[in-house]
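Numbering (my numbering), first residue to last: 2 to 294.
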Amino acid sequence: MEAAEYGADSLFVKVFPRRPRLVVRLHSPSVLLNRFTGVIPTWQHRLAYLRERLAIAGADALSAPARAIVDEACSWLPIIRTKRLCVVPNGITASDWDEGPGRAEPPEVLYVGRLERRKGIDLVERVIPTVLNEFPNVTFRFVGDDRFDEHQVSWRTRLTRAAPEQARSRLAFDHVPREHLPSLYQRATLSIIPSPWENFPYVALEAMATGCPVIATNVGALPEIVTHGRTGLLVPPGDHEAFSRAIATLLRSPRQLDSMRVEARRWIREKFSWERVLPLMVGFYRAVCDEAS
């Protein structure tokens, strides 16, 4: 049986009289999510941390989609290093994201995800005026649910206000069914992931599977997904100037973009396709089960 550490759903397995072998998969413990997004823990948070500690401690083995997640989790719970552990990335059906008819012209910068601070939308707010002042024909397209800041102002409103008045029409906000996402990635010139922390974001895999280069913060599993300079660019978290420069660099470099598109599609199919990932995961499960016999 496999369960995520987040939420500690596997705790009930301990009461089984003949419980199955249990693998707990490290996605992102609550303590890490709260630490990286600036949440001040309440007693409810601390109770969740304890439950997740117990769930991890009670596992027969652990898995994780990226080495970075293991390293961060170990800083919180060193017992993880004593467990049988395997790093196997999450997989993707790459054929669902095959390259489409062509890219948008003029260029389009795509953001997919909730409009909220924990996803780094405040960084994008500071990037927009810099990029649109230099590239007034670029469209910023946002696909995802809107959220409110701590003053109950929607992020859509804040993003619109951040744009130069004459360029506000270059901001587009969409909410589309998941099956329409491939066509949006296929149109985009590049995709952005500005989060202060990410465990293993599928938006990076999906963008790159269509050949859309990614500009992302250098956090969590993102450096294990995005190869800097080959399939996209990585920048320090929270650095809006570096993020703006990265966008400008690719918008000025059509040949580099073309090269990254080819490399991104190849890398995803080589590293993250189910044809590669599934045998690794099944082999790990078998080894864990064999230990019990």
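Glycine residues also receive a C-beta, built at the ideal position from the N, C-alpha and C atoms.
Quick one, are the C-beta atoms of residue i and residue j less than 7 Å apart?
i: Leu111; j: Ala9; result: no
i: Val128; j: His241; result: yes
i: Phe174; j: Phe149; result: no
i: Ala58; j: Ile81; result: no
i: Glu126; j: Leu160; result: yes
i: Leu116; j: Trp156; result: yes
i: His28; j: Ala4; result: no
i: Phe201; j: Asn91; result: yes
i: Pro108; j: Val139; result: yes
i: Ala299; j: Gly212; result: Look at the range of the chain in this structure, 2 to 294, and you will see that residue 299 is not part of it.
i: Ala74; j: Pro30; result: yes
i: Val132; j: Ile248; result: yes
Are there 16 or more other CB atoms within 10 angstroms of the CB of residue i, so buried, or fewer, so exposed?
i: Gly230; result: exposed
i: Gln187; result: buried
i: Glu106; result: exposed
i: Tyr1; result: Since the first and last residues shown for the chain are 2 and 294, residue 1 lies out of range.
i: Tyr7; result: buried
i: Pro280; result: exposed
i: Val113; result: buried
i: Leu48; result: exposed
i: Val232; result: Note that residue 232 is Thr in the sequence shown here, rather than Val. It counts as buried.
i: Val220; result: buried
i: Val177; result: exposed
i: Arg26; result: buried
Quick one: what's got a C-beta closer than 7 Å to residue i's C-beta in the same chain, skipping five residues either side?
i: Leu206; result: Ile93, Ile226, Ile269, Phe273
i: Phe285; result: Ser64, Cys87, Val89
i: Leu124; result: Pro195, Gly239, His241, Phe244
i: Ala222; result: Pro66, Ala67, Ala69, Ile70, Glu199, Asn200, Phe201
i: Gln257; result: Leu251
i: Ala208; result: Tyr186, Ser192, Val215
i: Thr228; result: Trp268
Assuming residue i and residue j make a contact with CB atoms under 8 Å, what is their CB distance in whole Å?
i: Val71; j: Leu86; result: 7 Å
i: Trp98; j: Ala210; result: 4 Å
i: Leu252; j: Phe136; result: 6 Å
i: Pro130; j: Ala163; result: 6 Å
Tell me whether residue i, by its Cβ, gets closer than 6 Å to a heavy atom of the ligand HEM.
i: His152; result: Ligands displayed in this structure: none; no statement on the ligand HEM is therefore possible.
Among residues of its own chain, excluding the 5 on either side of residue i, which ones have a beta-carbon nearer than 8 Å to its beta-carbon?
i: Val289; result: Arg22, Val24, Asp61, Ala62, Arg85
i: Val204; result: Val113, Gly114, Ser192, Ile194
i: Leu12; result: Arg52, Leu55, Ala56, Gly59
i: Pro224; result: Ala69, Leu235
i: Val14; result: Met2, Ala4, Arg20, Pro21, Leu23, Gly59
i: Trp275; result: Gly92, Ile93, Thr94
i: Arg104; result: Gln187, Arg188, Ala189, Thr190
i: Arg287; result: none
Leaving aside the five residues before and after residue i along the sequence, list all residues of the same chain whose C-beta is less than 6 Å from its C-beta, in chain order.
i: Val32; result: Tyr50, Trp77
i: Arg52; result: Ala9
i: Met2; result: Pro21, Leu23
i: Arg119; result: Thr38
i: Met282; result: Val89
i: Ile122; result: Leu116, Trp156
i: Asp146; result: Arg115
Kindly confirm or deny that the region 29–41 and the region 194–201 touch, where touching means at least three C-beta pairs closer than 8 Å. yes
Pairing CB atoms from the region 53–69 with CB atoms from the region 251–269, are three or more of them under 8 Å? no
Inter-stretch contact (C-beta, 8 Å, three-pair minimum) for the region 244–253 and the region 214–225: yes
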